[in-house]
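Shown next, in structure tokens, is the structure this report addresses.
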Amino acid sequence: MTTSFWTGARVRLRGIEPEDWAAFMRFAVDEERLGDVLQPPRSAEAFRAWTKEQAAAKPDGDCFGLAIEAVETGETVGAIGSHSADPCAGWFEYGITMGAGHRRKGYAAEAVVMLLRFMFAERRYHKCQAQIFAHNEASLVLHRRLGFVEEGRLREHVFFAGQHHDVVMMGMLADEFARLHSTSER
């Protein structure tokens, strides 16, 4: 039995706090190792300033970022957020990142289901989209397992690590989510 809409068996979704800066700095390094878009190194102070700004930020409509905290340890293990929400058309995009030592433990799947349940049931969106680098096989497997469907591929859409890479467009409709993830999972 959960204690809150935002707390599951493994994770709790919560606002980003200023003290999360070190976790977000590690996530940036982890993403680079995964073959994410290469960015110039940022200082610890830049991460401190960013998390402080995020902690004070109000959601921009239905676009927001949350920390993923392990229920068992209280450790910040990842981040999830919605972006590019179009309430008129009824779709939004979301993104997730998990720290390297916290992958394949069910944290990401549970966090995604909680976010989608909120966006579909509480905010009444019709569709969720996710853009995934084609070489990120673990993320593609996770999304297929959750019920996302590949809707297309943007060929050679991003450039990093000296070459162009494909982006896989995945989507899930609210009724598909409802069939696959009943509210009894809460």
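The numbering used here applies: residue 98 is where the sequence shown begins, and numbers increase by one. Heads up, the beta-carbon is just placed ideally off N, CA and C, and yes, glycines get one too.
In the structure shown, what three-state DSSP assignment does A258 receive? Reading the sequence shown from its first residue, position 161 is the one you call residue 258. Of the three classes helix, strand and coil, the one that applies to A258 here is coil, per DSSP.
Looking only at DSSP bridge pairs, what is E114 linked to? One-based indexing of the sequence shown puts residue 114 at position 17. In the DSSP output, where bridge partners are listed per residue, E114 has none listed.
Report yes if the C-beta distance between I165 and V108 is below 7 Å; otherwise report no. As a position in the sequence shown, residue 165 is number 68, starting the count at 1. As a position in the sequence shown, residue 108 is number 11, starting the count at 1. A contact, by the Cβ cut-off of 7 Å.
Take every Cβ of the stretch 204-223, pair it with every Cβ of the stretch 176-192, and state whether three or more of those distances are shorter than 8 Å. yes
Buried or exposed (CB count within 10 angstroms, at least 16 for buried), A120: Translated into the one-based positions of the sequence shown, residue 120 becomes position 23. By the neighbour-count rule (16 or more Cβ atoms within 10 Å), A120 is buried.
Hey, H278 and F230: beta-carbon distance below 7 Å or not? Translated into positions along the sequence shown, residue 278 becomes position 181. Translated into positions along the sequence shown, residue 230 becomes position 133. Taking 7 Å as the Cβ cut-off, H278 and F230 do not qualify as a contacting pair.
If I measure Cβ to Cβ from R123 and keep anything under 7 Å in the same chain, skipping five residues before and after, which residues do I get? Numbered from 1 along the sequence shown, position 26 holds the residue referred to as residue 123. Answer for R123: G196, listed in chain order.
For K155, does the three-state DSSP call read helix, strand or coil? On the sequence shown, residue 155 is found 58 positions in, with the first residue counted as 1. DSSP places K155 in coil when its eight states are reduced to three.
Leaving out five residues on either side along the sequence, give the residues of the same chain with a beta carbon under 7 Å from the beta carbon of T194. Along the sequence shown, one-based indexing puts residue 194 at 97. If we look at T194 and ignore the five residues flanking it on each side, its Cβ neighbours are F124, E128, G175 and A176.
Do M211 and G105 come within 7 Å of each other at the CB atom, strictly closer than that value? Within the sequence shown, residue 105 is the residue found at index 8, counting from 1. Within the sequence shown, residue 211 is the residue found at index 114, counting from 1. Result yes, Cβ atoms of G105 and M211 sit closer than 7 Å.
So, under 8 Å CB-CB, G288 and Q151 are touching, yes? Tell me the CB distance rounded to an integer number of Å. The question about residue 288 has no answer here: the residues shown for the chain are numbered 98 through 283.
In terms of residue numbering, what span does the beta strand (DSSP E) encompassing S179 cover? As a first step, residue 179 must be located in the sequence shown, where it is residue number 82. Note, S179: beta strand (DSSP E), T173 to D183.
Give a single yes or no on whether A258 has its beta carbon closer than 6 Å to a heavy atom of the ligand FAD. Among the components modelled here there is no ligand, and therefore nothing to report on the ligand FAD.
Can you tell me the Cα-Cα spacing of V168 and A208, whole angstroms? Indexing the sequence shown from 1 puts residue 168 at position 71. Indexing the sequence shown from 1 puts residue 208 at position 111. Their Cα atoms are separated by approximately 12 Å.
Is the separation between the beta-carbon of G244 and that of E273 shorter than 7 Å? Locating residue 244 in the sequence shown gives position 147, where the first residue counts as 1. Locating residue 273 in the sequence shown gives position 176, where the first residue counts as 1. The answer is yes: Cβ separation under 7 Å.
Euclidean distance between Cα positions of G259 and G268: Start at 1 with the first residue of the sequence shown, and residue 259 comes out as number 162. Start at 1 with the first residue of the sequence shown, and residue 268 comes out as number 171. For G259 and G268, the distance between alpha carbons rounds to 29 Å.
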